[in-house]
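Enquirer: So the sequence shown is numbered by numbering that gives the first Met the number 0: it starts at 0 and just counts up by one.
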Amino acid sequence: MGYWDLEEGKDCVQKTWITTKLGTALGLVGSAYHIVAFQPETAVEALARAANGTVTMASLGAIFGMATCLSAQARDAPDDPLNYFIGGCASGAFLGARTHSAVTGTTACLGLGTLAMLTKVGKMEGWRITGPPRL
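(1) Whole angstroms is fine: what's the gap from Leu-117's alpha carbon to Gly-60's?
(2) Please work out which residues of its chain come closer than 8 Å, Cβ to Cβ, to Thr-113, disregarding the five sequence neighbours upstream and downstream, and give them in chain order.
(3) Going straight from the alpha carbon of Gly-37 to that of Ala-76, what length do you get?
(4) Which ranges does the alpha helix (DSSP H) cover as unbroken runs of at least 4 residues, wholly within the region 54-132, from first to last along the chain?
(5) Does the separation of the CB atoms of Gly-22 and Met-65 fall below 7 Å?
(6) Pull up the CB-CB distance for Cys-11 and Cys-68, whole angstroms please, since I reckon it's below 8 Å.
(7) Would you kindly work out how many angstroms separate the C-alpha atoms of Gly-110 and Val-43, rounded to a whole number?
(8) Find the nearest neighbour of His-33 within the set Asp-4, Thr-53, Ile-17, judged by alpha-carbon distance.
(9) Find the nearest neighbour of Ser-30 within the set Thr-41, Asn-51, Thr-19, Lys-20, judged by alpha-carbon distance.
(10) Cβ atoms of Ala-73 and Asn-82: under 7 Å apart, would you say?
(11) Below 7 Å between beta carbons: does that hold for Glu-7 and Asp-78?
(12) What residue range does the alpha helix (DSSP H) around Tyr-32 cover?
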């Protein structure tokens with residue numbers, strides 16, 4: 000069962016688990032590319048970089064999943080795209096705290112929140128990125 004198959008505002012633990020797994024996978028891939036592009040001097044340094052990137056991305060996924068689901072429950076508006084903005088913004092705020100930068104946090108909050116909200120709107124309205132156009 001995928002993320003979009005679960006009902007909004009319900010099954011918060013399962014939705015959070017899915018977003019955490021996705022974040023972990025993206026973190027592993029990103030860490031691998033980073034290690035290849037910027038060769039570490041030791042294996043320990045490579046392991047530390049991989050762990051750092053993977054844990055950060057897994058945390059972003061978990062924060063997004065939980066904040067989105069809890070805001071849907073608290074606001075009693077399960078299909079509102081604002082829930083996705085809140086989840087994306089919470090993830091961005093975590094990035095700002097992780098980097099000790101208010102500018103990074105604010106920018107990531109707005110960027111990730113907007114991206115998540117547009118993703119939800121696109122899903123609700125049937126937007127397509129690939130494939131032949133519908134006429």
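Heads up, the beta-carbon is just placed ideally off N, CA and C, and yes, glycines get one too.
Expert: Based on what the coordinates show:
(1) So the two alpha carbons sit approximately 17 Å from each other.
(2) The answer, listed in chain order, is Phe-84, Gly-87.
(3) In the sequence on display, residue 37 carries Phe and not Gly. About 45 Å.
(4) Annotation: the region 54-132 contains the following complete segments of the alpha helix (DSSP H) (minimum length 4 residues), in chain order: 80-98, 101-124.
(5) Not a contact, by the Cβ cut-off of 7 Å.
(6) Going by Cβ atoms, the distance from Cys-11 to Cys-68 rounds to 4 Å, so yes, they are a contact pair.
(7) Whole-angstrom Cα-Cα distance: 33 Å.
(8) For His-33, the closest C-alpha among the options Asp-4, Thr-53, Ile-17 is that of Thr-53.
(9) That would be Asn-51, whose Cα lies nearest to the Cα of Ser-30.
(10) No, they are not a contact pair.
(11) With respect to the 7 Å criterion, Glu-7 and Asp-78 are classified as neighbours on the basis of their beta carbons.
(12) Run containing Tyr-32: 11-36, per the alpha helix (DSSP H) assignment.
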